[in-house]
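Down below is the structure, laid out as structure tokens.
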Amino acid sequence: MMQTVLGEARNLFVLGGPVVVILALFSVVALAVIFQKLWAFGLTRTGGNAGLEHALADWDRGERAKAEAALARVRAPFAEVIAAAMAADATPAAIERVETMAEAELGEHEKGFRLLDAIAQTAPLLGLFGTVLGMIEAFQAMQGAGMSVDPALLAGGIWVALLTTAVGLAVAIPTALALTWFETQVARERLWLSGALARIRAPRLRPAVAASAPGTAQVLAHAG
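Here you go:
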């Protein structure tokens, strides 16, 4: 069975020529990046922010010590960013530092995306290039045969030429689908992290509101 598969692969490389070899290398690189990203996403438990949500809930209730203790027990990709946001003051410099940390963490998740995108876009073009080269060879053979052209020979040359386009699409389609899924996951994480940072900053306004509330009540009482 294994020998049959290897024989078919060898025939594919022979028929497709250098273009199929290059596309095969593209597929190996794409698979390596995809498996690495799947492993990284699973290792960091991207999307599993339940522990961080518990810490944020304690923070919303004003229980800062409890929130920090809950956060210390969490092993999530954004735990360090959330901890820095809880420890930071409300100055623009501190806010900018936390946002920079958040973007850096999201950037780690996006590593390899450009390579996958390049493979997804280049593989069909490379396959089409191989088809054009194959068609040129087929028509050159047709011209050389003159009036004694064998239609079967011409058809064989054409399907061999089209083989590179099929291989290019076979490499590009799964790569594009995987890239779309990865980008969707990172977009969700970006949205969640943005909301989490907003929730952390919001309680800083509560003391000011509470302090202004008695004064407001007195003004309303005098007005009445």
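Okay, so the sequence shown: first residue is 7 according to the working numbering, each after it adds one. Where a beta carbon is used, it is the ideal one built from N, C-alpha and C, also for glycine.
- Annotated three-state conformation of D64 is helix, per DSSP.
- DSSP places D95 in the coil class of the three-state scheme, outside both helix and strand.
- Rounded to the nearest whole angstrom, the C-alpha separation of V192 and V166 is 40 Å.
- With fewer than 16 neighbouring CB atoms inside 10 Å of its own CB, V138 falls in the exposed class.
- Counting of Cβ neighbours within 10 angstroms places V80 among the buried residues, the total reaching 16 or more.
- Per DSSP, the unbroken alpha helix (DSSP H) holding R70 starts and ends at R70 to A78.
- Under the three-state reduction of DSSP output, R81 falls in the coil class, being neither helix nor strand.
- The straight-line gap separating the alpha-carbon atoms of I125 and L197 is approximately 27 Å.
- With 16 or more neighbouring CB atoms inside 10 Å of its own CB, T181 falls in the buried class.
- E116 and L203 have their C-alpha atoms some 20 Å from each other.
- By the CB criterion at 8 Å, L121 and V25 fall outside the cutoff.
- Rounded to the nearest angstrom, the gap between the Cα atoms of T170 and F119 is 25 Å.
- Around the beta carbon of V34, fewer than 16 other beta carbons sit within 10 angstroms, so the residue counts as exposed.
- Setting aside the 5 residues that flank it on each side, A100 is surrounded in the same chain by A94, each with a C-beta closer than 6 Å to its C-beta; the list follows chain order.
- Taking the CA atoms as reference points, I142 sits about 32 Å from L37.
- Shown here, E86 sits in a helix according to DSSP, grouped into three states.
- Shown here for V173: same chain residues with a beta carbon closer than 7 Å to its own, the five before and five after excluded, namely G22, V26, L29 and G133 in chain order.
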